[in-house]
């Protein structure tokens, strides 16, 4: 089957966003709004310090304002990029009669990554139908791993690491051994950091 990929490169319009928001929840930009309000307050403080404060105070608050502008713009850019990506993916699925889900927090698949950590959920889910009754699902998957350690004073500290991976789910006629392909080019992957607990005897090197 041939697919139309043009929706993935189309310009997102307000109508597209409104249609998407009627069906799904878009990533929140609340943090950016709060930061922008804080920035406005900082500018007022700077304005007052220009006339009443010392030069050092003006420079200090000016640096804070510059950092606030940087992180606000970065947060807004990230939210806009993610919003456009999800709307484009939805348009692509709609154009090609592909089942689309924004998120699924009730994933019950078998497999190592689906049984680890907490706050597990799939997102950007595309469900492809098949004439051979062999559906295919392609999606991203996220989960959190908590680790505990002790500081220099002997107290416990807890840190949380978020892992994001992609998967393709294909229905087969028979059960097969689990196979994990892990690239070394994208840094320490699941096998590289020992996350999946795969012994050395179970690893094979592939040429190229």
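In the numbering used here, the protein residues as written are 53 to 260.
Positions of the beta carbon are idealized from the N, C-alpha and C atoms, including for glycine.
Nearest to residue 66 (by Cα), restricted to the options 203, 135, 157 and 161: The residue you call residue 66 lines up with position 14 of the chain shown. Minimum Cα distance to residue 66 is reached at 135.
Between which two residues does the alpha helix (DSSP H) carrying residue 71 extend? As a first step, residue 71 must be located in the chain shown, where it is residue number 19. Residue 71 -> alpha helix (DSSP H) spans 66-75.
Using the Cα positions of residue 270 and residue 220, report the straight-line distance between them to the nearest angstrom. Not covered by the structure: residue 270. The range shown for the chain is 53 to 260.
Residue from 196, 73, 158 and 224 with nearest C-alpha to residue 211: Counted from its first residue, the chain shown places residue 211 at position 159. For the residues 196, 73, 158 and 224, the minimum Cα distance to residue 211 belongs to 196.
Cα separation between residue 141 and residue 202? Locating residue 141 in the chain shown gives position 89, where the first residue counts as 1. Locating residue 202 in the chain shown gives position 150, where the first residue counts as 1. Whole-angstrom Cα-Cα distance: 44 Å.
Between residue 71 and residue 259, what straight-line distance do the alpha-carbon atoms span, to the nearest angstrom? Here residue 71 refers to the residue found at position 19 of the chain shown. Here residue 259 refers to the residue found at position 207 of the chain shown. Spanning the two alpha carbons is a distance of roughly 47 Å.
Report the CB separation of residue 154 from residue 175 in whole angstroms; it is logged as a contact under 8 Å. Taking the chain shown and counting its residues from 1, the one referred to as residue 154 is at position 102. Taking the chain shown and counting its residues from 1, the one referred to as residue 175 is at position 123. About 7 Å separates the beta carbon of residue 154 from that of residue 175, a gap short enough to meet the 8 Å contact definition.
On the premise that residue 192 lies in contact with residue 5, defined as a C-beta separation below 8 Å, what is that separation, rounded to the nearest angstrom? The structure shown has nothing for residue 5, since the chain only spans 53 to 260.
Backbone secondary structure at residue 202 - three-state DSSP: As a first step, residue 202 must be located in the chain shown, where it is residue number 150. The DSSP-derived three-state label of residue 202 is strand.
For residue 216, name the three-state secondary structure that DSSP assigns. The residue labelled residue 216 in the question sits at position 164 within the chain shown. Looking at residue 216 - three-state DSSP - the assignment turns out to be strand.
Per-residue burial, residue 133 [other beta carbons within 10 Å of its own, 16 or more giving buried]: The residue labelled residue 133 in the question sits at position 81 within the chain shown. It is exposed - the Cβ of residue 133 has fewer than 16 other Cβ atoms within 10 Å.
Local Cβ density within 10 Å of residue 199, reported as buried at 16 or more and exposed below that: Residue mapping note: residue 199 aligns to position 147 of the chain shown, counting from 1. By the beta-carbon neighbour count (other beta carbons within 10 angstroms, threshold 16), residue 199 is exposed.
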